[in-house]
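Below is one structure, written out as structure tokens; the observations come after it.
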Ligand SMILES: [Zn+2]
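Numbering (the working numbering), first residue to last: 14 to 87.
This is the structure in structure tokens:
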């Protein structure tokens, strides 16, 4: 599965809603450690709609600072 932040095929299902309802699934990327739920807004889970400033375009070993996290929405 393609990661929505680093765009590598290194993401997969992490867990599902524990009540078995199928209300949400959570995915995680083993390359950039990003996690997201399938129920988040399109500007979080669709790479083409994500803010490019918060995409992970580096190689993990080249990181000298952490990739910033977007501010919380109110
Ligand atoms: Zn990733």
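The C-beta atom is built at its ideal place from N, Cα and C for all residues, glycine as well. This one's a predicted model, so the numbers in the text were calculated from it and none came from an experiment.
Enclosing alpha helix (DSSP H) for residue 56 [first to last residue]: Start and end: 55-58.
Beta-carbon gap between residue 41 and residue 48 smaller than 9 Å: It is a contact, given that the beta carbons lie within the stated cut-off.
Status (buried if at least 16 other CB within 10 Å, exposed otherwise) for residue 24: By the neighbour-count rule (16 or more Cβ atoms within 10 Å), residue 24 is buried.
Rounded Cβ spacing between residue 17 and residue 78 (contact assumed at less than 8 Å): Between residue 78 and residue 17 the Cβ distance is about 21 Å, and since that is not below 8 Å, they are no contact.
Residue 44: CB within 8 Å of a non-hydrogen atom of ligand 1: Yes, the Cβ of residue 44 comes within 8 Å of a heavy atom of ligand 1.
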